[in-house]
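Residue numbers (this note's numbering), protein chains in the order written: chain S, 129 to 459; chain F, 6 to 514; chain R, 2 to 354; chain W, 161 to 467. Where is the CB? At the ideal position from N, CA and C, for every residue including glycine.
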Amino acid sequence: MTTTTSPTGVRLAKVFTGRQRYVPILATAGVLLLMWIGGALTYDNFADLQVLLNVFKDNAFLLVLAVGMTFVILSGGIDLSVGSMLALSTMLCAWLITEEGWSPGTVIPLVLVVGAVSGSAMGAIIHFFEVPPFIATLAGMFLARGLCYVISTDSIRISHPFFTETANTMVPLGDYRIDPSVVVSLIVVAVAFVALHYTRFGRNVYAIGGNEQSALLMGLPVGLTKVGVYAVSGLCATGAGVLYTFYTGAGYSNTGIGMELDAIAAVVIGGTLLTGGSGFVLGTVLGVLVFGVIQTIIQFEGLLSWWTRIAVGALLLLFIVLQRVIGARKT
Amino acid sequence: MPDPQPILQMKGITKEFPGVTALAGVDFRLLPGEVHALMGENGAGKSTLIKVLTGVYQAEAGEVVLAGERVHFSSPLKAQQAGVSTVYQEVNLCPNLSVAENIFIGREPRFLGLVNNYPEMRRRSRELLARVDLDIDVTAPLASYSLAIQQLVAIVRAVAISAKVVILDEPTSSLDAGEVQQLFRVMRRLKEDGVALLFVSHFLEQIYEISDRMTILRNGRLVGEWRTDELSRIELVSKMIGTELSVLEQLEEQPRRDLAALERQEPFLRADQVGKTGLVAPFDLSIHRGEVVGLAGLLGSGRTEVARLIFGADRAETGTITIDGTPLSVRTPSTAIGRNIAFCPENRKTEGLVEDLTVRENIILAMQAARGWLRPVPPRRRDELVARYIEALSIRPANPEALVRNLSGGNQQKVLLARWLITQPKLLILDEPTRGIDVGAKAEIQRLVVSLAEDGMSVLFISAELEEVLRLSHKVGVLRDRRLVAQLANDESLTADRIMQTIASGEDS
Amino acid sequence: MTAVTRHRLFWPVLVLVVLLLGNLIEKPDFFVIRMQDGHLYGSLIDILRFGAPLMLVALGMTLVIATGGIDLSVGSVVSIAGAVACLHISRQSDQNAVSGVLLAVAMALGVALLFGAFNGVMVSRIGIQPIIATLILMVAGRGVAQLIMDGQIITINSAPYKWIGAGWLFTLPAAVLIALTMVAVTALVMRRSALGLLLESVGGNAEASRLVGIRARSLVLLVYAISGLCAGLAGLMISSNVSSADGNNAGLLIELDAILAVVIGGTALTGGRFSIGGTVIGALVIQTLSTTVYTLGVPPETTLIFKAVVVTVVCLLQSPAFRSKVFGRWGPRRTPPASGSPSEPTTNAKVPA
Amino acid sequence: GDGTRDDDGGAAGGDDKIVLGFAQVGAESGWRTANTKSIQDSAKAEGIELQFTDAQQKQENQIKSIRGFIQQKVDVIAFSPVVNTGWDPVLKEAKAAGIPVILTDRAVDSQDTSLYVTFIGSDFIVEGQRAADWLLKEYEGKNEQVNIVELQGSPGAAPAIDRKKGFGDAIAANPNFKIIASQTGEFTRAKGKEVMTAFLQSNPDIDVLYAHNDDMALGAIQAIEEAGKKPGTDIKIISIDGVKDAFQAMVDGKINVVVECNPLLGPQLMDLVKKVVAGETVEKRILTEEGVFTQDQAAAALPNRQY
Ligand SMILES: Nc1ncnc2c1ncn2[C@@H]1O[C@H](COP(=O)(O)OP(=O)(O)OP(=O)(O)O)[C@@H](O)[C@H]1O
Ligand SMILES: Nc1ncnc2c1ncn2[C@@H]1O[C@H](COP(=O)(O)OP(=O)(O)OP(=O)(O)O)[C@@H](O)[C@H]1O
Ligand SMILES: [Mg+2]
Ligand SMILES: [Mg+2]
């Protein structure tokens, strides 16, 4: 038999397919850069590195949340419970430490375990009972928020020295200083990157997102992976909650209402397809930055009330359309 | 000589789906070092038996004995771990992952628990693919390759595992003769290593070439087990179909028709320099009323692309298409359909069927789309049409309410055909219409093409089976390297060999 | 019996009935409907009345979801429609003039339609993922509503306008009649014309639909526009019911309830098959849930837990996998119909964009 | 949005104009909008440059805003906290940067009171007590059971918690007063109406409605009317806030009493800002001037209501 492919065909295909995977992420980075430059030209102080560092600092918990969400969305699912899980995490921390007098050394691991376990529970319901992820995690969202209210509708302040001191610690970075939470969130990103690209679990996540039935027939541990994905998301959500607790030094049951949408939006803006199987955790970082930069621009613009919302929507629109236009050129 | 101890034995397997008994007390055994063919018509239960064996489905009754031990697989993963490696009927790989990853996922080389050696994976993938003579970019996503290549990748994945049992469910349906030979070489090598192979195909030649023994199923029941060399083709077919029908004879020679008479008229469709970079070089092609134009070429040679460009599924960059003397200005599927062109795509799963809809809805879809949503096909007429084509193409189960998802592969293909036939197109583009279809049905479809052409319909016919192309076409277009290199009139001088030569040399000799 | 339990709406209906019966235990005259001033009056009527806007929003959402999309902006459209109508009416010298009210209603619905069409364009023409495309209006829309009203709540005093949300016709609440009419008309159009089939086809397999010549773009556009229109109508009802427009709170989180209603009604979020009847049941389940909370006096702190439990139970009962795994022991083991055929990939090949 | 885009570098700088950074909760109600307007108008009147941000009810946005103000080196920061905890870290940053902080409307719960100079705003607990006081007076000397239904604000919101507590504690002493149903109406008219409708179906005998804000009361009034009862007479209605519509309802006899919660603290705030910048000492807690209005006072007060 003659060979089936011509060398030119191969070469063409290489250029075509190799780069295509990165188009969304490059487009996102490009537009983000444009936005940043736009901001820097328009506003004084905007270009200050500290402003950028603040974006990281103020969005550290969102980043962690979004990293967990990336796993879920890559697997073709969705997790609506993360905002409430974050709130539950802050409430558990505050309640156990302040009212029950537990030490942070036990509370924080405990809270993380709670996150992973409840995530797994949702994952198990999704996988074994074939309940759509949207619904299972919506129920989880109600439940976690409800538990917050049961603990206390009032907010609880944490006065434990560990929290107050860590919140005041700064990691010096040249002339600037960054928060420990930024460091933590970047470590989470790094771990997620390795997990997604260099572990079987991570590769299975992509496979399931590509085609779950095929993954099953290929003999991949679909159930385990799906449960794992939601466990990761739950873990990240409570982890983000712990960061949030450091951020505010308190627990409050109405924290993070609607934050799941921010996280989903950040992931999707970062180039991950909601249908699953395609995307990168670094894209998610960009997505979170987009959110942060939009917030910063709004902040610098000092808009009045409802104009804030309109502007957030308009900037989002601008960003997405640009991203689409640039990204679509290749296809 | 007594048979050796079977490596795999299934006893009294019964599997029911709501409304259908797919398997009723089927026994099956597989000996080490043999190629065993599983035979049966579309919907006989071959794929279901394989799925029960490998833990995709749980049977209502029966037991599986593997290497002397009773086993029960709860998932394909378990089956794989026990040494049963399977290529299922439809390509079941992850379209978003690269070729290399598709081959290795789940068993990537690891170091300290981390999958780290991507270059090694790529290298080994290339090696494995070379065994089936495939030299492609293994880092590109699987979805960027044709179904045939995907099929080969799936096979490579399955045989790369050191397994005791390898199951191949219709692996050859999308392969051309060359690839089939490559595959057989791989299979023979496995056989020599003592691996037991279970093989499903509707191509009798292939069965007789490769298999040692065969098991025949009919309507979910076991007909029997034979040594291949003890059963003649006619006997095999009659056992599959259950009557003494001589389908094979009907398959023989169709009369060649007079091309000159046809070509005296204006062509129905003329393509002038239609092409798209990266897909096919600009080509000229004309199709007359009542003419069957076959396309031949190796896998990836661009046959599908020619069809897609004509239909408007892909937007051509150059050239014009003229239908009945008037040019087609905007080229999208709906404009083509508006000019009475119909297209049965080769990948029925992703491009053809809407699996969640019923047989009836799938069949009526094209006609309905052409009428627009405001003018629904009257229910009476719809039911009548659907019933007529279910009957004509003998779609099983003959229940218009059945979900297409639950039909066997061959019957799904028939649904696709029915969908376009009811629109009574003037040009019917068939891309691998006989893929996965049993002998009887294949003969039916071929006869259908002939009679449609006699009634004045033009047909563009793509098939990996050269004989089939030759038998049906008035004219054969030959493609090579994404270029239409020759158009040969199908007269006495045209033989499969001559086409093969044209493909090989790139010119008509 | 099995034929009944097999019906796709059996489980949601069962849950609805159980919820209603639960109310009956707490309040024995729960089912009593009496005549008062020529109106039917009672808890069941209230459920229908307050559930009407949700029913409408969920109706539009069903169609959007059938095409494989989702519309997060409905809540904002609800608030905008109310704002536009109330602003127009409040500016009139005679707020009771029917012509002015009609104009206001037309304007509000027009704006809602426009917003829906904007979503449709974003999704079908520009090719943006629905969740993000509609997120834009979800965020900005409420700002627009507040902008229209300058952040204030506009109170109006218009009897004809009030009729939409709080009026009565043939002893029944007008809102219920309007919602049911919309539902009936939509269901009729979907099943009598081929629109339903084409939508299910687009949602089930977009590429295959393109290749059979369905013009998916205009269908998708249409569906988002309808969703906008339904949300707009719901917005009129909500604002009319309290004779005021509240830019910030009207329709807050209604998108989640609507999606929930659609899913409880048996329509999959992945698109394809949809059931309008199911959606109506779903909306009623959700509204009954709220009413149950009030009737049982569930404290606000635990309301969400209660809701979570009910939602989980409904969805588990609806899941054939759950039923066969949990109840399977008592019956012959059968392969669940809906979970069937794992061999067939449910999604189309997805190429990284 | 003007004011921030100035070209002279660090907004506050040596400029003699005072720069006030104000981080508002959001625009979630008419009350809040009135509050915003009052602050904007009085800043303009006093020649104070106002940098305004809207947090859309999210604490993290508010923290970001305050951090931004610190970055831009404003003279004074004022804000209405979304919630009363969680401000220590960012307020410490403000303190370190030497920027005084004024709290408005809601307090913060912090051990370190040096983090802010003063808090100006209402006391929600007192509001609840005042509502109860009126009720106690109304039923003074009568010895019958009084069935009260309560429409609470959104769960977790400070006004909801405090107004419930203030009211509940004040009536607790008298066993005649019984809250027979209490449910959240989420501070909105639509929910207020929906919940009240359900209350009316399941409780035939309601004497008093206590609503945590006017909007819920206004919604509930419609429910009561639809049920064929007379609001204000058959069911007495107590409400908090004092928006114009509520006064109108009082004039119409549909609400019995409104406890005022005054959003118009702009002038007072600007006063404070000036004092703080001038280095004068101010009181740690400043109450806004608020009244309790009954039906007979409503007609007189109605024309003066600004929100
Ligand atoms: N998931 C399912 N639900 C319901 N019926 C099914 C399902 N899967 C298969 N069937 C039915 O079981 C029967 C056997 O199908 P099967 O796929 O095993 O046939 P096959 O022999 O592989 O046919 P083909 O040659 O066409 O691939 C058919 O009637 C088919 O419709
Ligand atoms: N050598 C190659 N390198 C990269 N991609 C290839 C190569 N050959 C084929 N492909 C891919 O496979 C697809 C299918 O090729 P095409 O459909 O034209 O082949 P065909 O002649 O129809 O073959 P068949 O129908 O037998 O599979 C093309 O879209 C192309 O992307
Ligand atoms: Mg089969
Ligand atoms: Mg092809």
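Name, please, each residue of chain F whose Cβ falls closer than 9 Å to the Cβ of residue i.
i, result
"M250 (chain S)", "None at all; the shortest Cβ gap to chain F is about 21 Å."
So with CB distances below 7 Å, who are the chain W contacts of residue i?
i, result
"T156 (chain R)", "D405"
"N173 (chain S)", "Q231, Q232"
"I239 (chain R)", "A350"
With a 10 Å radius around its C-beta and 16 neighbouring C-beta atoms as the bar for buried, classify residue i as buried or exposed.
i, result
"H8 (chain R)", "exposed"
"N47 (chain F)", "buried"
"G233 (chain S)", "exposed"
"M15 (chain F)", "buried"
"H77 (chain F)", "exposed"
"I34 (chain R)", "exposed"
"S94 (chain R)", "exposed"
"R143 (chain R)", "buried"
"A157 (chain S)", "buried"
"P9 (chain F)", "exposed"
"K218 (chain W)", "buried"
Show which residues of chain S have a CB atom less than 9 Å away from the CB atom of residue i.
i, result
"K326 (chain R)", "F256, F257"
Mind reading off the beta-carbon distance from residue i to residue j? Whole number of angstroms is fine, and I expect it under 8 Å.
i, j, result
"M346 (chain S)", "V210 (chain S)", "No, M346 (chain S) and V210 (chain S) are not in contact; Cβ-Cβ is about 30 Å, not under 8 Å."
"S456 (chain F)", "F466 (chain F)", "With a Cβ gap of about 14 Å, S456 (chain F) and F466 (chain F) do not count as contacting."
"S52 (chain F)", "Q85 (chain F)", "Wrong, their Cβ atoms sit about 18 Å apart, outside the cutoff."
"R216 (chain R)", "S334 (chain F)", "So it is not a contact: roughly 16 Å between Cβ atoms."
Which residues in chain R sit within 7 Å of residue i, going by Cβ to Cβ distance?
i, result
"W378 (chain F)", "S194, A195, L196, L199"
"F348 (chain F)", "L212"
In chain F, which residues lie with their C-beta within 7 Å of the C-beta of residue i?
i, result
"S406 (chain S)", "N101"
"P349 (chain S)", "L82"
"A335 (chain S)", "C99, L102, I110"
Which chain S residues are close to residue i, counting only those with a beta carbon under 7 Å from its beta carbon?
i, result
"T213 (chain W)", "Q427, G430"
List, in chain order, every chain R residue whose beta-carbon is nearer than 9 Å to that of residue i.
i, result
"Q157 (chain W)", "This structure leaves residue 157 (chain W) out entirely; chain W is present only between 161 and 467."
Quick one: does the C-beta of residue i sit closer than 7 Å to a heavy atom of ligand 6?
i, result
"D361 (chain F)", "Among the ligands in the structure shown, ligand 6 does not appear; only ligand 1, ligand 2, ligand 3 and ligand 4 can be found there."
For chain C, is any of its Cβ atoms less than 8 Å away from the one on residue i?
i, result
"A215 (chain S)", "No chain C appears in this structure, whose protein chains are S, F, R and W."
Using a Cβ distance threshold of 8 Å, determine whether the stretch 417-424 of chain S contacts the stretch 168-187 of chain S, with at least three qualifying pairs required.
Segment contact: the stretch 417-424 of chain S against the stretch 168-187 of chain S, three or more CB-CB distances shorter than 8 Å; contact assigned.
At least three beta-carbon pairs within less than 8 Å, the stretch 44-64 of chain F to the stretch 18-26 of chain F:
Enough Cβ pairs lie closer than 8 Å, so yes.
Does the stretch 116-124 of chain F come close enough to the stretch 322-339 of chain S that 3 or more CB-CB pairs lie under 8 Å?
The answer is yes - the stretch 116-124 of chain F touches the stretch 322-339 of chain S, with three or more Cβ pairs under 8 Å.
Is the number of C-beta pairs between the stretch 355-370 of chain S and the stretch 230-240 of chain W that are closer than 8 Å three or more?
No: the two stretches stay apart, fewer than three of their Cβ pairs being nearer than 8 Å.
Validate contact between the stretch 74-92 of chain R and the stretch 42-62 of chain R using beta carbons, cut 8 Å, 3 pairs
Flag = yes, the stretch 74-92 of chain R and the stretch 42-62 of chain R touch.
Within the chosen definition, does the stretch 230-247 of chain R reach the stretch 166-177 of chain R through at least 3 CB pairs nearer than 8 Å?
Yes, the stretch 230-247 of chain R is in contact with the stretch 166-177 of chain R.
Using a Cβ distance threshold of 8 Å, determine whether the stretch 396-408 of chain S contacts the stretch 243-251 of chain S, with at least three qualifying pairs required.
Taking one beta carbon from each stretch, the stretch 396-408 of chain S and the stretch 243-251 of chain S have fewer than 3 pairs nearer than 8 Å; the two do not touch.
On the three-pair Cβ rule with 8 Å, is the stretch 221-229 of chain R touching the stretch 112-132 of chain R?
Touching, per the Cβ criterion.
Just checking, does the stretch 279-293 of chain S make contact with the stretch 210-225 of chain S on the three C-beta pairs under 8 Å criterion?
Cβ pair count under 8 Å is three or more, so yes.
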